[in-house]
Each structure stands twice: as structure tokens, then as C-alpha cells.
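J.:
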Amino acid sequence: MIEPQGPLPPEIYWRRRVVAGVGALAIVGLVIALIVWTTSGSDDPKQTAATPSSSEQAQPTQADPSESATPDGQGGDQGGTGQGNNASGAPPTSASTTPGQSSAAASAPAPVPASGLCPDQNISVVLYTDKPTYKTGDQPQFTIVTTNAGLTACTRDVGKAAQNVVVRTLDGTRTLWSARDCSPLQTVNNQLLQPAQQVRDNITWSGTTSSPGCNKPRVQIPVGAYQAVGKIGERESAPITFNVVAPAQEP
Numbered sequence: 025m026i027e028p029q030g031p032l033p034p035e036i037y038w039r040r041r042v043v044a045g046v047g048a049l050a051i052v053g054l055v056i057a058l059i060v061w062t063t064s065g066s067d068d069p070k071q072t073a074a075t076p077s078s079s080e081q082a083q084p085t086q087a088d089p090s091e092s093a094t095p096d097g098q099g100g101d102q103g104g105t106g107q108g109n110n111a112s113g114a115p116p117t118s119a120s121t122t123p124g125q126s127s128a129a130a131s132a133p134a135p136v137p138a139s140g141l142c143p144d145q146n147i148s149v150v151l152y153t154d155k156p157t158y159k160t161g162d163q164p165q166f167t168i169v170t171t172n173a174g175l176t177a178c179t180r181d182v183g184k185a186a187q188n189v190v191v192r193t194l195d196g197t198r199t200l201w202s203a204r205d206c207s208p209l210q211t212v213n214n215q216l217l218q219p220a221q222q223v224r225d226n227i228t229w230s231g232t233t234s235s236p237g238c239n240k241p242r243v244q245i246p247v248g249a250y251q252a253v254g255k256i257g258e259r260e261s262a263p264i265t266f267n268v269v270a271p272a273q274e275p
């Protein structure tokens, strides 16, 4: 080490060197402390927890807008996800099930009574025409198809006494003809029908009007569109439509 030189005693110079050395060490220690503190601060739990927070803030931007209503508990009412969706989904399921069950119960076959006669609920009736369009003066032919729609065999009268065909205006508001008005046939035809078994019968119409008891003059129906339904007892088919047109003019 260099010996201190100067007009003052050597002890003074040594003290100054010691003080300067201690100060330099203090500065170096302070710098090291700052570096250590800065480095350890990057691992602070507060900064680590901030990363998920920033990602959470970014998630609503990427998610479906309808899901943004879920956290406030209103997502279910607004079609969001989570528990609200389950709550809103449950009532439609039960509501849709209830009508389905009641409809199935209404259309379910009734038990056959001890008499063995088919109840109306177990009978299906469908009506057909032989042509969709007739000329004035033609005699349309209707076909009634009766089906046992039940699960067990039963007996049903499908004869002329139980049959009926009704022709109405196209809007269904006025009856023009009924097969029961003027027909002299009142035959009974009891048939034992197995499940899904069908019975067919034909009824020919003169194309003229009728009245109950057939006590009014019968006239040809005019050109136009009409509807007809078939009946077995009180069981009625869905309406069908047909047309009546004028005969073609000969040249």
C-alpha cells in the first residue's frame, strides 16, 4: 500500500482513506441492495396475481356476448350460460312434455267394453273420392275406409245404417247433401275388426242436393269447389275437397 505523503501527520491521511473506503463500500452495498430488491420484486405475488386478472379481463371480449350476462345472475333470463341456462331450460322441457303426454293420452285407444263393441275413440275413418274433378251431371263415388285403431279386437257396425257422407260448401258452413237424407238402405253390418284391420264401402252420389227426410225438391249442384266428410256413427273423417266443372262445349 502506498505510504501517505503530505504536510499532515500520516494518521490523518489513513483516517481519510478508511472513511473513503467505508463510504465506497456503503455505496456498493446500496447498489447491490437495490439490484436484489428489484429482482425479488419481479417475483412478488401481487404481480403474479395480476396476470390472471388481465387475462380475465380479456376473456369477456373473446366469449359469446350472451355469456356476459351470466355473472350478474341474469344470464338464465337472457339465454346465457351457467345455472341460469339450466333454470330456463327446465320449464320448457316439462312444458313440452306435458302437452305431449296429454295429447298422447287423448289419442290413446280406449279399453274395449264388456260388450266387445269398438268405442268411437278406437275407430279411424278416412274418405276418398274416385276423381278430384267431376263434370256437372256426373255421379261421384265416395269410399269410406273404417280402421280399428285400437290395440285389441272389437266389433263395429260398418253398414249403411252407420255410414254417412256429407257434402258441404267449400268453407264448410252449409250442408248441400247427406247420404242419410234420401237413402232407403238401413242395413247393419257388424264386423269383428282386428287391430289395424280395415273395411271399405262405397257410396254413390247423384250430384244433387238433399234435405232431412228428403222432403224438398232435389236440384243439381252448381259448378264450384266443395268439401266432403265421411262418418261412421259419430266418428268423422277429415274433410276432403273436389271440384265440379261445366261439361266441355262441343264444337
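In this text, residue positions in the sequence shown follow my numbering: the first is 25, and each later residue adds one. Here a beta-carbon is modelled for each residue, glycine too, at the ideal position from N, C-alpha and C.
#1: Counting Cβ pairs closer than 8 Å, one from the segment 190-207 and one from the segment 231-245, do we hit at least three?
#2: Please check the pair R259 and V149, which I expect to be a contact at CB under 8 Å, by giving their CB distance rounded to whole angstroms.
#3: Whole angstroms are fine: how far does the CA of T157 sit from the CA of R198?
#4: Do D154 and Q165 have their C-beta atoms within less than 7 Å of each other?
#5: Any chance the segment 240-253 sits against the segment 265-274, with 3 or more Cβ pairs inside 8 Å?
#6: Where does G254 fall in DSSP's three states?
#7: Which value, in whole angstroms, describes the spacing of the CA atoms of K240 and A203?
#8: Do N172 and P219 count as a contact pair if the criterion is CB distance below 7 Å?
#9: Excluding the five sequence neighbours on either side, which residues of its own chain have a C-beta within less than 8 Å of the C-beta of P271, listed in chain order?
#10: Under three-state DSSP, which class holds P164?
#11: Which partner residues of A249 appear in the DSSP bridge assignment?
#12: So the candidates are L151, T228 and C142; which of them puts its Cα closest to the Cα of N214?
#13: On the three-state DSSP scale, how would you describe G108?
#14: DSSP state of T176, grouped into three classes?
T.: In terms of the structure at hand:
#1: Contact check between the segment 190-207 and the segment 231-245: three or more CB pairs, one atom from each, fall below 8 Å, which counts as touching.
#2: 5 Å
#3: 20 Å
#4: yes
#5: Touching, yes, given that three or more Cβ pairs across the two stretches are closer than 8 Å.
#6: strand
#7: 15 Å
#8: yes
#9: K159, T160 and G161
#10: In this structure, P164 counts as coil in the three-state DSSP scheme.
#11: Beta-bridge pairing by DSSP links A249 to N267.
#12: Shortest Cα-Cα distance from N214 to any of L151, T228 and C142 involves C142.
#13: Note that G108 scores 36 on pLDDT, short of 50, meaning its location in the model is unreliable; the coordinates nonetheless yield the value given after this. Residue state, collapsed to three classes: helix.
#14: coil
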